[in-house]
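I have placed the structure first, in the form of structure tokens, so that the comments after it can refer back to it.
Residue numbers (the numbering used here): 213 to 380.
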């Protein structure tokens, strides 16, 4: 099940709206806080998604999306290294953008390099994967917590390994 080309504008508008709402929410919730890193991150994400839809740079929309993902990752990494404190959401945004760009590259390669016109499982993986990751990134900007609890799971696994009697 892939998202048909006629639905792209609606899905894109929903995603932009989601990043706009995440930005506005973080802006309002950070009014009395000294650390505005999450607000800056949300502004970068909204700007990136907005610009990628309205300011085409390359000859193909998929290549534009890949380029904007890498530009966004670069801007975020530069700001995190020099002036921003890393919010938890950044640990979901950067991998999310990398995965999105990789999926977009695969679909670009399939459609425009191989000239494939037959629907297959990659189209569904791309459609569902990119949109799921976009929603995950929006949620991470709004709640700014460790959604997947990776650190806690790793800590529990290490504790279980140390307490295992067979490790003698």
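Every residue, glycine too, gets a C-beta built ideally from N, C-alpha and C.
Under 7 angstroms between C-beta atoms of residue i and residue j
i           : j           : result
residue 347 : residue 237 : no
residue 309 : residue 285 : yes
residue 259 : residue 277 : no
residue 349 : residue 303 : no
residue 315 : residue 338 : yes
residue 235 : residue 261 : no
residue 256 : residue 287 : yes
Per-residue burial, residue i [other beta carbons within 10 Å of its own, 16 or more giving buried]
i           : result
residue 294 : exposed
residue 252 : buried
residue 289 : exposed
Nearest candidate by alpha-carbon position, reference residue i, set the options
i           : options            : result
residue 219 : 357, 356, 343      : 343
residue 335 : 345, 349, 325, 320 : 320
Residues of its chain near residue i, where Cβ-Cβ distance is below 6 angstroms and the 5 sequence neighbours each way are ignored
i           : result
residue 224 : 265
Sequence-distant residues of its chain with Cβ nearer than 7 angstroms to residue i (five each side left out)
i           : result
residue 296 : 249, 252
residue 356 : 250, 299, 300, 301
#### Entry: Ordered list of beta strand (DSSP E) runs contained in the segment 319-345, each at least 3 residues
none
Next item on the list: Scan the segment 252-299 and note each continuous alpha helix (DSSP H) run of 4 residues or more that stays entirely inside, going in chain order.
Entry: 273-294
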